[in-house]
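Asker: Here it is, the structure, as structure tokens.
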Amino acid sequence: MKRWQGNGGILLIGFLVLLLLLGTAVSGCALVDRLQAWKTVEEEVPLSDNHAGTEDLELTNQALIGETKEIALFFSDAAGENLALEMRDIPKTEGVARAVMQELIAGPSVESGLLPTIPVGTELLDINVRPDGVCIVDLSGELIVNHPGGSLNEEMTVYSVVNTLTQFPSIREVQILVDGQNVETIAGHMDISTTMARNEEMIGER
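According to this note's numbering, the sequence shown is numbered sequentially starting from 5.
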């Protein structure tokens, strides 16, 4: 009788151990399945932020194609006495100050009846807008070599540059360099060794 009880106790313990092992295996499988499900969810989630950002950027770039910006250019009037305004549309660009100077150097449109203020052959070497609102414009030596001279012509040249660039809120004053150097004058009449502010008195009736 005792032997049977002893054997029964061993069988009971074995049965309990077997149940414990089965429970562990089942819970382990459930945990694996749960982790696999999380991984599947993560893999199926699209990178919406990055992908959408790329698409938005491409659409923005496409929208800018063909867009223009209206700018003001100051040339000499037909009498050569005052600056006169010509409005012109140019393609939108981040370097708008550089683009405006290129347009000014190219001269007025034939239809405007205005005269150029920048001597022929002059090239824009560099342009830089500083955080303090000073725009540094570096022009080639033709600005001096090919200048016709005269105090009024010199003022027209200088303030066509200054007044054209100061149309932008980020530019308060302009410093003109020649071949990368600070010069005292273009034609011997006007001091351009320092920064210059806008001069509305040079602009004729519009």
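Even for Gly, the Cβ is constructed at its ideal location relative to N, Cα and C.
No experiment lies behind these values; they were computed from the predicted model shown.
#1: Please check if any C-beta of chain B sits within less than 8 Å of the C-beta of residue 77.
#2: Among the candidates 179, 98, 89 and 97, whose CA atom is the shortest distance from the CA of residue 108?
#3: Pair every Cβ in the segment 104-118 with every Cβ in the segment 147-159, then say whether three or more of these pairs are closer than 8 Å.
#4: Could you tell me which of 196, 98, 105 and 72 sits nearest to residue 78, measuring between CA atoms?
#5: Distance check for residue 179 and residue 196, CA to CA, integer angstroms please.
#6: Quick test of your reading: residue 176 and residue 170, contact by CB under 8 Å. State the CB separation rounded to the nearest angstrom.
#7: In this structure, does DSSP put residue 88 in helix, strand or coil?
#8: Can you tell me whether residue 135 is buried or exposed? The criterion is at least 16 other CB atoms within 10 Å of its CB, across all chains shown.
#9: Once the 5 residues before and after residue 208 are set aside, which same chain residues still bring their CB inside 8 Å of it?
#10: Kindly provide the ranges of any alpha helix (DSSP H) runs that are 4 or more residues long and lie completely inside the segment 123-207, ordered along the chain.
#11: Looking at the secondary structure, which residues open and close the beta strand (DSSP E) in which residue 77 lies?
#12: Report yes if the CB atom of residue 126 is closer than 8 Å to the CB atom of residue 143, and no otherwise.
#13: CB residue 133 to CB residue 174, shorter than 8 Å?
#14: Under 8 Å Cβ to Cβ from residue 119, same chain only, skipping five residues before and after it: list those, please.
#15: Helix, strand or coil for residue 119? Go by DSSP, reduced to three states.
Answerer: In brief:
#1: Absent here is chain B; the protein component of the structure consists of one chain.
#2: Your numbering for residue 108 matches position 104 in the sequence shown. Closest option to residue 108, Cα to Cα, is 89.
#3: no
#4: Residue mapping note: residue 78 aligns to position 74 of the sequence shown, counting from 1. Among 196, 98, 105 and 72, the Cα nearest to that of residue 78 belongs to 105.
#5: Your numbering for residue 196 matches position 192 in the sequence shown. Your numbering for residue 179 matches position 175 in the sequence shown. The straight-line gap from Cα to Cα measures roughly 7 Å.
#6: Counted from its first residue, the sequence shown places residue 176 at position 172. Counted from its first residue, the sequence shown places residue 170 at position 166. 7 Å between Cβ atoms; contact.
#7: Numbered from 1 along the sequence shown, position 84 holds the residue referred to as residue 88. It is a strand residue.
#8: By one-based count along the sequence shown, residue 135 stands at place 131. Classification for residue 135: exposed.
#9: Stepping through the sequence shown from its first residue, residue 208 is reached at position 204. Excluding positions up to five away in sequence, the list reads 81, 85, 86, 87 and 88.
#10: 146-149 and 155-169
#11: Position 73 of the sequence shown, counted from the first residue, corresponds to residue 77. Residue 77 -> beta strand (DSSP E) spans 72-80.
#12: For the purposes of this step, residue 126 is taken as the residue at position 122 of the sequence shown. For the purposes of this step, residue 143 is taken as the residue at position 139 of the sequence shown. Their beta carbons are under 8 Å apart, which means residue 126 touches residue 143 by this criterion.
#13: Here residue 133 refers to the residue found at position 129 when the sequence shown is read from its first residue. Here residue 174 refers to the residue found at position 170 when the sequence shown is read from its first residue. Result yes, Cβ atoms of residue 133 and residue 174 sit closer than 8 Å.
#14: Against the sequence shown, residue 119 aligns to sequence position 115. Cβ neighbours of residue 119 beyond the five flanking positions: 79, 80, 81, 82, 84 and 112.
#15: Position 115 of the sequence shown, counting from 1, holds the residue named residue 119. In the three-state scheme derived from DSSP, where H, G and I count as helix and E and B as strand, residue 119 is classed as strand.
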